[in-house]
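Residue numbers (my numbering): 597 to 789. For every residue, glycine included, the Cβ atom is placed at its ideal position computed from N, Cα and C. Please read these numbers as outputs of a predicted model, since none were measured by experiment. In what follows, a structure is listed as structure tokens, so that the remarks can point back to it.
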Amino acid sequence: MLRILLIDNYDSYTFNLVQLLYETGINIELKIVKNDIHADNLPYPFDKVLISPGPGLPEESGNLTQLISLMHDKYPLFGVCLGHQAIAQHFGAQLKLMPKSYHGIRSKCQFVTNDDYVFNNLPITNYCGRYHSWVIDEQTLPETLIPTSYDEDGFIMAFRHKSLDIHAVQFHPESFMTEYGLEMMRNWLEYSS
């Protein structure tokens with residue numbers, strides 16, 4: 597049984613993410629904690645960490661940045677939306693406000709690399725559900741983070757770490773607007789680092 601820790605950033609979409617995890621059909625034990633949990637109270641053991649979407653910015657999200665600092669080199673991480681932004685900031689990237697907000701918008705995303713197992717066996721171009729107004733400023737992206745997907749305007753929609761088992765998506769795989777969210781989540785769960 598695969599033990600998953602889900603860090604909930606007090607987001608209404610967390611339940612949808614939980615449902616998506618179970619829809620993969622993979623036998624999991626799910627432990628859900630809020631982002632303001634203290635590291636001493638984490639429900640060990642677990643095998644992988646999923647960081648949920650959430651409102652606001654990473655630095656406004658409880659102990660999220662400290663939890664990422666603690667776990668980034670010990671566990672496979674997968675960040676969604678706010679989780680994506682928080683992981684990027686941990687490694688030195690900065691965020692920028694987008695010219696327009698993408699709240700409940702379906703847009704075309706394109707995978708730009710074939711070495712990210714999260715996107716294994718998926719079409720290069722697909723539709724993704726987006727709910728955000730901040731995005732990674734690519735000019736500040738460190739060399740350790742490799743963009744793996746962009747939107748039509750050239751904004752980073754996904755990245756992976758160069759050497760650690762860390763993956764993140766700006767869009768919402770749990771959204772009905774995302775074409776292959778279930779497959780992405782299954783790929784992440786099935787991969788053993």
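Thinking C-alpha only, which one of the options is nearest residue i?
| i | options | result |
| --- | --- | --- |
| C677 | K704, H634, L646 and F707 | L646 |
| P743 | A635, E625, P641 and V765 | V765 |
| Q776 | I603, Q706, D749 and V731 | Contrary to the premise, residue 776 reads as Tyr rather than Gln in this sequence. The option with the nearest alpha carbon to Y776 is Q706. |
| F715 | K758, S729, Y787 and I664 | Y787 |
| S729 | M753, I720 and V708 | M753 |
| N605 | F751, S657 and H680 | S657 |
| N783 | V708, V614 and T620 | T620 |
| L638 | S771, L601 and K704 | L601 |
| K644 | L598, H757, Y723 and L616 | L598 |
| Q690 | A635, L741, K758 and D761 | L741 |
| T661 | H634, N717, P641 and G750 | H634 |
| D747 | K758, E734 and E779 | E734 |
| S745 | F772, M780, L760 and N623 | M780 |
| Q615 | F642, D749, Y640 and S648 | S648 |
| Q681 | N717, S759 and T736 | T736 |
Need the endpoints of the beta strand (DSSP E) that residue i sits in, please.
| i | result |
| --- | --- |
| I600 | L598 to D604 |
| G675 | L673 to V676 |
| N783 | Taken as a continuous stretch (DSSP letters only), N783 belongs to no beta strand (DSSP E), being part of the alpha helix (DSSP H) at G777 to E786. |
| L646 | K644 to I647 |
| V714 | Element bounds for V714: n/a, residue is neither H nor E. |
| A790 | Any property of residue 790 remains undetermined from this structure, which presents the chain solely from 597 to 789. |
In the DSSP assignment, find the alpha helix (DSSP H) that holds residue i and state where it starts and stops.
| i | result |
| --- | --- |
| V614 | T610 to E619 |
Give me the DSSP bridge partner(s) of residue i.
| i | result |
| --- | --- |
| I628 | L602 |
| P743 | F755 |
| T661 | According to DSSP, which records beta bridges pairwise, T661 is partnered with nothing at all. |
| K704 | Y723 |
| H550 | The structure shown does not extend to residue 550, since the chain is modelled only from 597 through 789, so no value can be given for it. |
| H699 | Y727 |
| G692 | Before going on, a small fix: residue 692 reads as Lys here, not Gly. Answer is V731. |
Between residue i and chain B, is there a C-beta pair that is closer than 7 angstroms?
| i | result |
| --- | --- |
| S657 | Checking the listed chains, one finds no chain B in this structure; it contains a single protein chain. |
Quick check: does the Cβ of residue i come within less than 6 angstroms of any heavy atom belonging to the ligand GDP?
| i | result |
| --- | --- |
| I624 | Because no ligand of any kind appears in the structure shown, any question about the ligand GDP cannot be addressed here. |
Item to complete: Take every Cβ of the stretch 642-658, pair it with every Cβ of the stretch 675-688, and state whether three or more of those distances are shorter than 8 angstroms.
Response: Taking 8 angstroms as the limit for Cβ pairs, the verdict is that the stretch 675-688 does touch the stretch 642-658.
Worksheet item: How do the stretch 693-711 and the stretch 663-674 stand: do at least 3 beta-carbon pairs fall below 8 angstroms, yes or no?
Response: Result no; under three Cβ-Cβ pairs closer than 8 angstroms.
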